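Sequential numbering of the sequence shown, starting at 270, is according to my numbering.
This report concerns only the one structure given below.
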Amino acid sequence: MRSSNLGTNQAGGQRERARLAAELRFLRERSGLTLAELADKSAYSRSSWQRYLSGAALPPWLAVRALCHLADEPEHRIRALWELAEGAWSGRGIVAPAPDQPDASSPSPSSSPLPASGPERAPEPEPEAEAAAAAAPAAAKPGSGRSLPAPLPDTSGAAATHSRPAGRAHRMRPGSRSGAVAAVLFLTAATGVVVHYDRQAGGRTPSGKPASTASAFHVGCTGAACDGRSPETTLCGVAPQTLLELLPAKGAGLEVRYQPLCRAAWARTWNNRLGDKLTLSEPGAPTQAVTVADSHALYGFTYTPLIALTGGHAALRVCLTTLAPSSTACRSVPVPPSASS
Numbered sequence: 270m271r272s273s274n275l276g277t278n279q280a281g282g283q284r285e286r287a288r289l290a291a292e293l294r295f296l297r298e299r300s301g302l303t304l305a306e307l308a309d310k311s312a313y314s315r316s317s318w319q320r321y322l323s324g325a326a327l328p329p330w331l332a333v334r335a336l337c338h339l340a341d342e343p344e345h346r347i348r349a350l351w352e353l354a355e356g357a358w359s360g361r362g363i364v365a366p367a368p369d370q371p372d373a374s375s376p377s378p379s380s381s382p383l384p385a386s387g388p389e390r391a392p393e394p395e396p397e398a399e400a401a402a403a404a405a406p407a408a409a410k411p412g413s414g415r416s417l418p419a420p421l422p423d424t425s426g427a428a429a430t431h432s433r434p435a436g437r438a439h440r441m442r443p444g445s446r447s448g449a450v451a452a453v454l455f456l457t458a459a460t461g462v463v464v465h466y467d468r469q470a471g472g473r474t475p476s477g478k479p480a481s482t483a484s485a486f487h488v489g490c491t492g493a494a495c496d497g498r499s500p501e502t503t504l505c506g507v508a509p510q511t512l513l514e515l516l517p518a519k520g521a522g523l524e525v526r527y528q529p530l531c532r533a534a535w536a537r538t539w540n541n542r543l544g545d546k547l548t549l550s551e552p553g554a555p556t557q558a559v560t561v562a563d564s565h566a567l568y569g570f571t572y573t574p575l576i577a578l579t580g581g582h583a584a585l586r587v588c589l590t591t592l593a594p595s596s597t598a599c600r601s602v603p604v605p606p607s608a609s610s
């Protein structure tokens with residue numbers, strides 16, 4: 270069990286680090302800076318930036334923040350991606366077992382020590398950056414990779430074993446001091462919203478119902494009011510549950526996510542080509558769709574608008590249409606019990 274957890278954490282850390290690296294490469298290209306110029310304008314060497322942008326090492330937050338400033342990119346979105354990658358890489362963020370699959374023979378996360386070995390740690394920042402790095406605050410949350418696309422796995426094929434069963438959520442290690450209270454904490458200057466989230470509970474009470482606003486962050490919409498809105502601007506994209514995750518060895522990836530506080534779901538894809546189209550629908554509601562329309566979208570996630578889950582037990586349907594090769598693959602996604610109550 271211990272080696273299995275280690276393998277899961279390493280794979281998750283590498284995947285999230287690759288997504289962050291892809292986003293950083295896009296920012297570097299947008300800034301128009303060469304690696305030498307980037308090193309000259311920051312406290313990090315050219316070789317360090319080479320490792321950070323290739324995904325070979327996880328950059329310290331101050332390096333990421335410096336690149337955001339140089340590319341004129343708001344910090345809070347990239348900071349969320351960095352925190353997700355850092356948590357998976359360090360072992361602080363793990364996937365908890367599904368509630369309906371208890372394993373009495375396995376020790377609880379709080380009683381199991383972290384593995385002695387783990388993914389190689391990123392190089393220490395240059396001396397001139399160390400003092401500032403010690404004062405950097407921690408915050409939270411999703412970046413992406415880029416590879417040649419291919420159609421999603423056949424719904425009846427063996428490749429579907431990469432799908433994550435519905436109901437699982439990314440949670441903090443209960444024994445972790447930093448994960449026991451609050452993890453997602455960032456300030457958006459435009460709205461002045463401070464977001465709080467109980468990462469140990471995953472935003473849900475022991476009864477399975479969404480936590481109250483006293484212990485969770487404040488979202489921008491609930492239920493039908495979320496239909497057609499952005500999961501980012503409404504904060505419904507913060508700390509969601511993942512209902513479906515497809516991670517093919519090549520080509521486009523796909524996830525369907527759900528936020529209990531918003532009572533809304535959305536889908537996202539990455540590693541796409543221009544013209545790829547993603548749709549999410551449920552019976553009796555308008556289909557939410559998005560098309561990969563510009564080159565900027567190739568280096569990160571492409572999201573559908575939100576679709577409200579206001580009751581009933583009908584499954585969601587997610588479809589990804591790719592142009593090269595031309596194909597459409599669809600999946601049925603069960604609605605979580607909390608959305609049907």
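Glycine included, every Cβ here is placed at the ideal spot set by N, Cα and C.
Computed from a predicted model, the values in this text were never measured in an experiment.
Starting from residue i and walking both ways along the alpha helix (DSSP H), at which residues does that stretch end?
| i | result |
| --- | --- |
| residue 524 | Where residue 524 is concerned, there is no enclosing alpha helix (DSSP H), although the beta strand (DSSP E) it sits in stretches over 522 to 528. |
| residue 306 | 304 to 309 |
| residue 334 | 330 to 339 |
| residue 322 | 315 to 323 |
As a quick exercise: from the options, pick the residue whose alpha carbon is nearest that of residue i.
| i | options | result |
| --- | --- | --- |
| residue 511 | 528, 608, 500 and 519 | 528 |
| residue 312 | 552, 339 and 541 | 339 |
| residue 571 | 307, 535 and 349 | 535 |
| residue 576 | 593, 306, 539 and 526 | 526 |
| residue 520 | 592, 608 and 303 | 592 |
| residue 590 | 606, 549 and 308 | 549 |
| residue 554 | 497, 502, 544 and 341 | 497 |
| residue 334 | 292, 325 and 303 | 292 |
| residue 523 | 500, 325, 600 and 596 | 600 |
| residue 499 | 584, 557 and 587 | 557 |
| residue 505 | 530, 516 and 518 | 530 |
| residue 620 | 605, 604 and 588 | Limits of the chain in this structure are 270 at one end and 610 at the other, which puts residue 620 out of reach. |
| residue 321 | 344, 585, 349 and 283 | 283 |
| residue 330 | 344, 323 and 603 | 344 |
| residue 347 | 602, 585, 518 and 501 | 501 |
| residue 507 | 518, 350 and 516 | 350 |
Buried or exposed for residue i, please, with buried defined as at least 16 other CB atoms from any protein chain shown within 10 angstroms of its CB.
| i | result |
| --- | --- |
| residue 559 | buried |
| residue 563 | exposed |
| residue 356 | buried |
| residue 286 | buried |
| residue 546 | buried |
| residue 289 | buried |
| residue 315 | exposed |
| residue 305 | exposed |
| residue 301 | exposed |
| residue 513 | buried |
| residue 538 | buried |
| residue 595 | exposed |
| residue 503 | buried |
| residue 325 | exposed |
| residue 509 | buried |
| residue 606 | exposed |
| residue 518 | exposed |
| residue 608 | buried |
| residue 604 | buried |
Give me the Cβ distance between residue i and residue j, rounded to the nearest whole Å; I'm assuming they're in contact under 8 Å.
| i | j | result |
| --- | --- | --- |
| residue 336 | residue 358 | Their Cβ separation, rounded to whole angstroms, is 18 Å, which puts residue 336 and residue 358 out of contact at 8 Å. |
| residue 295 | residue 569 | 7 Å |
Would you kindly report the start and end of the unbroken beta strand (DSSP E) that includes residue i?
| i | result |
| --- | --- |
| residue 498 | Careful: residue 498 lies outside any beta strand (DSSP E) and carries neither H nor E. |
| residue 588 | 585 to 592 |
| residue 513 | 510 to 515 |
| residue 599 | 595 to 602 |
| residue 217 | The structure shown does not extend to residue 217, since the chain is modelled only from 270 to 610, so the question has no answer here. |
| residue 559 | 557 to 560 |
| residue 533 | 533 to 539 |
Using a Cβ-Cβ cutoff of less than 6 Å, which residues in the same chain neighbour residue i once the five nearest sequence positions on both sides are dropped?
| i | result |
| --- | --- |
| residue 533 | 495, 505, 575 and 577 |
| residue 583 | 551 and 552 |
| residue 492 | 532, 577 and 579 |
Residues in the same chain with beta-carbon distance under 8 Å from residue i, minus the five sequence neighbours each way, listed in chain order, please.
| i | result |
| --- | --- |
| residue 567 | 415, 541, 542, 543 and 561 |
| residue 310 | 302, 335 and 339 |
Please return the same chain residues whose Cβ sits closer than 7 Å to the Cβ of residue i, not counting the five positions on each side in sequence.
| i | result |
| --- | --- |
| residue 299 | 340 |
| residue 319 | 304 |
| residue 323 | 290 |
Can you confirm whether residue i, when its beta carbon is compared against all beta carbons of chain D, has any partner nearer than 7 Å?
| i | result |
| --- | --- |
| residue 293 | Here there is only one protein chain, and chain D is not present. |
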